[in-house]
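Below: the structure, in structure tokens.
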Amino acid sequence: MKTVVSRTGKKLFITASLFPILTFAAPQSSNVSPLSPQPTTCIVSTFSSTGDNYWKTITLTLANQCGTTIDFQNATISFQNIIPLNTNFWGNFDPLSYPDNNLQITSQGSDGNYLASLSLHFPTEPWANSKLPANRSFQIKYGAVSDGHVGSASVYLSGGDVQTGSIQLKNDSSKPSDVIQPYALVHVIANGTNISNVQLPWGGTQNVSGLAQGDYSITAENVSGSNANYKGSAVPTTVSVIANQTATSTITYAVIQQNGQLAIQLQTLPDELSGYTGNPVVKVIQSDTGSSVQSTLNWDTTTTVSQLKSGSTYNFSTPVITYNNYNCEPLFNPTSVIASSTSIPATSLTYRCTQVAQSLVTFSVKGAPTTLSSLQVTLTPNNTTTPITQNIPLTNGTGSKAVSLTTGTIYTVSANAVSGYTTTFNPQPLTVENGAIENITLTADSSDTPVSRNGQLHVCGTQLCNEHNQTIQLKGMSSHGIQWYGWQGSNTGKACLTTASLDILANTWKASIMRISMYVQEGGYETNPTAFTNQVNALIDEATRRGIYVIVDWHILTPGDPNVNLSKAKTFFTAIATAHKNNNNLFYEIANEPNGVSWSSIKSYADALIPVIRTIDNKTIILVGTAGWSSLGVSDGRSSQDIINNPLNHSNIMYTFHFYAASHRDNYLNEVDKASNSLPIFVTEFGTQTYSGGGANDFAMADRYLQLFSQKKISWINWNYSDDSLSGAVWKTGTCSNGPWVDTNLKPAGSYIKKNILI
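For reference, each letter of the sequence shown is one residue, going -25 to -1, 1 to 734 in mature numbering (1 follows the signal peptide of the UniProt record, and there is no 0).
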């Protein structure tokens, strides 16, 4: 109530793993004669490469010149290469779908070179495509120290394993009783490179498929139990893979009773790895059995490895270190050592470092809570290199950071969990190319919001009810006039309604409703109907996005007779109802504070406007102002009896009541108490100060009102969510411009209202 007339002031997710897809299958008969594979010669291949003397990105383009559509489902591609290739690949597969199999190139020695092979499998869902039209092409990309291809590639259709075979790993041992680990870890090695880590169940079998023809070493890691350690053995330790056939290696475990040892001397940290904090982990492999143990080394230190079989020969394996734009290749000298129980023979581990190509990738974060200062992002590569962590700095929920990464590497992107938010990544996985952008979007969980819990509201008797016919109470905040303190990016004097401030209102204060106060006069709607309608539309969308209810307030003050602005009101509410008729979170407040007119005049206005709205939207609750600045007539010496004697004859109608605790005493409190027994009441505006919106707070009187509203489930809205100079604005002056939206920037009224919303 005021005796003044103005207040100024939503892919496919592909994760390319280093390791081949593990499939369970029965071994194929060893006496089956393999078919003689024939490549499809009308599929033309070309190789090209980019990069420098240290690293190349090689592109293999496959073009369909067959004159008809070709299905690449289960296709195998092979080519000769002068260096071994055991690496991942990626590419531009359009118009085909992105493959869903293990994107891995394997190779074996062949005729003085290495025969490199890869397979393609595409999703089988209805939306997927594996068929390449005539005269179209796609690209396969991989990284290597040089482009070593020889001649052209051969493409084998209708059977992805026509150029590949499988290895069946069989675990003949049952799980020891003192071992917790439910599997044995077995390594498949080609050309000295570990190409697959297989978690082999105790007493079970597992197939490693899609392997290029050639010889593979099988090693089984030792297993530790609470009472003993167990040595894994593979028989045979080397298997030959033949196209279309399955080789078998059997794994067994026995208690280790060994006293042999050897030493590994690790060099000082290379200059190229300055700042690197990791430590090499070396796999020590027994040559005759394939069993292995792991040992973590320290730089510039000699580490002794014990519990080895004295007299047995051991080889060594450790991953390449990729760091600071360098690939550092491990070199053991000698490459094998015979373990001894009487002496400690040693090998030395040094690294040969070469610079690799780097690309700058931008990580862009949006939608985070405004209180979050940074987001930790983890990049997990699909090779054996160490994951990378980066902290993205955030301001008001957004931020970005450019990171230099190794070109061609494929990363799975993840981030620290943020309570109440869901995080999505696009693209996922990330393939490193210069200029790539990784978009990280946080979305507030909408599974538990006021709107999701209550749905479309309606009036039931004198109460506000949800879609389950349960009586509810809404509590929230009103904006100031949006021509002065409105939405960011709109034509407003100061942006107090921002992404950050509305996040605080909905997520931190837990408000269930907000009120958009659009003045009609005083620089408001009549000065630019289109701009103010657009601003209200935007704010409705923001409330909807946060899952809270929203009141559209036709904020009349002067003139106090709502009939003066009837034509404008019809135009405005027609536009709003048309745009949002499918929303389930709206209220239409059609006359903020009628004054100087009787209830009969207000009713005449409502009877003229409500049918206009109802022809478009027949479900949204309409809030109707009452006489005497929405005092139920008390400020005019009248009472709610005027309404009770002559109520509106429309459904889903509520009547509004406004009060200011320091000015409106017991007679106002008693009137709203009495009226709510006969009429559905919604308190769409109140303050803890005087009717001017300023002055001293009377929290004791405000408590009496709020206690009544709690008892009778009368919903309420507080004036106002801005930083104007009056005591009724909840934020301290300057907060809207500079933030932050924290409790220390609340005025006393703001702290009081926040506390009562949270109750």
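We put the CB at the ideal spot given by N, CA and C, even for glycine.
Give me the Cβ distance between residue i and residue j, rounded to the nearest whole Å; I'm assuming they're in contact under 8 angstroms.
i	j	result
alanine 486	glycine 535	Incorrect: roughly 29 angstroms between the Cβ atoms, too far for contact.
isoleucine 597	asparagine 627	7 angstroms
asparagine 441	leucine 432	6 angstroms
glutamate 501	lysine 543	7 angstroms
residue 765	phenylalanine 64	Nothing in the structure corresponds to residue 765, since the chain is present only between -25 and 734.
serine 453	tyrosine 696	7 angstroms
leucine 186	threonine 139	6 angstroms
isoleucine 52	asparagine 88	That pair is no contact at about 16 angstroms.
tyrosine 680	phenylalanine 661	7 angstroms
Quick check on residue i: does DSSP put it in helix, strand or coil?
i	result
proline 176	strand
residue 803	Look at the range of the chain in this structure, -25 to 734, and you will see that residue 803 is not part of it.
proline 586	helix
threonine 139	strand
leucine 623	coil
alanine 636	coil
glycine 461	coil
aspartate 611	helix
glycine 603	helix
lysine 145	strand
tyrosine 666	coil
cysteine 440	strand
cysteine 711	helix
valine 511	helix
proline 537	helix
proline 425	helix
glutamine 365	strand
lysine 116	strand
phenylalanine 548	helix
tryptophan 716	coil
Between the C-alpha atoms of residue i and residue j, what's the straight-line distance to the nearest angstrom?
i	j	result
isoleucine 367	isoleucine 728	34 angstroms
tyrosine 524	threonine 473	17 angstroms
lysine 545	isoleucine 588	8 angstroms
leucine 347	histidine 639	41 angstroms
valine 268	leucine 241	17 angstroms
leucine 95	alanine 50	5 angstroms
asparagine 414	glutamine 351	14 angstroms
tyrosine 643	phenylalanine 634	8 angstroms
threonine 373	serine 339	8 angstroms
aspartate 641	glycine 714	38 angstroms
aspartate 617	alanine 392	56 angstroms
residue 735	asparagine 538	Residue numbering for the chain in the displayed model covers -25 to 734; residue 735 lies beyond these limits and cannot be assessed.
threonine 467	asparagine 503	12 angstroms
alanine 1	threonine 213	With a pLDDT of only 32 at alanine 1, under the threshold of 50, the placement of this residue in the model should not be trusted, and no figure is reported.
glutamine 220	leucine 144	14 angstroms
cysteine 711	isoleucine 457	13 angstroms
threonine 387	isoleucine 80	19 angstroms
leucine 477	asparagine 444	29 angstroms
glutamine 682	alanine 554	37 angstroms
valine 407	isoleucine 115	15 angstroms
With distance defined between alpha-carbon atoms, name the residue in the options nearest to residue i.
i	options	result
serine 20	Asp75, Gly87 and Tyr131	Tyr131
isoleucine 491	Thr519, Thr502, Trp484 and Thr483	Thr519
alanine 238	Asn593, Val280, Ala195 and Thr223	Val280
leucine 607	Pro586, Asn570 and Ala704	Asn570
histidine 162	Tyr386, Asp718, Ala128 and Gly207	Gly207
alanine 377	Gln333, Thr399 and Ile385	Gln333
serine 615	Val647, Gly265 and Ile457	Val647
threonine 225	Ile260, Leu175, Ile217 and Trp274	Leu175
proline 356	Gly383, Ser323 and Ser375	Gly383
alanine 203	Asn166, Ser152, Phe684 and Pro245	Ser152
threonine 424	Tyr396, Thr416 and Thr15	Tyr396
serine 316	Lys284, Asn300, Val331 and Met489	Lys284
tyrosine 326	Thr663, Arg521 and Leu244	Leu244
glycine 668	Asp122, Met676, Phe657 and Asp699	Asp699
isoleucine 45	Cys17, Gly167, Leu60 and Thr62	Cys17
alanine 636	Phe674, Ser375, Ser129 and His555	Phe674
With a threshold of 7 angstroms between beta-carbons, can residue i be considered close to chain C, or not?
i	result
isoleucine 523	Of the protein chains in this structure there is only one, and it is not chain C.
Return yes when the C-beta of residue i is under 6 angstroms from any heavy atom of the ligand PLP, and no when it is not.
i	result
threonine 446	With respect to small molecules bound, the structure shown includes none, and the ligand PLP cannot be examined in it.
The region 181 to 199 / the region 103 to 111 touching (three or more Cβ pairs under 8 angstroms): No, the region 181 to 199 is not in contact with the region 103 to 111.
Do the region 244 to 257 and the region 301 to 318 meet, that is, are 3 or more Cβ pairs less than 8 angstroms apart? yes
Count the CB pairs spanning the region 599 to 614 and the region 571 to 578 that are closer than 8 angstroms, and state whether there are at least three. yes
Touch test, the region 96 to 105 against the region 63 to 83, Cβ-Cβ under 8 angstroms, three pairs minimum: yes
Can you confirm whether the region 32 to 41 touches the region 145 to 156 when touching is taken to mean that 3 or more C-beta pairs between the two stretches lie within less than 8 angstroms? no
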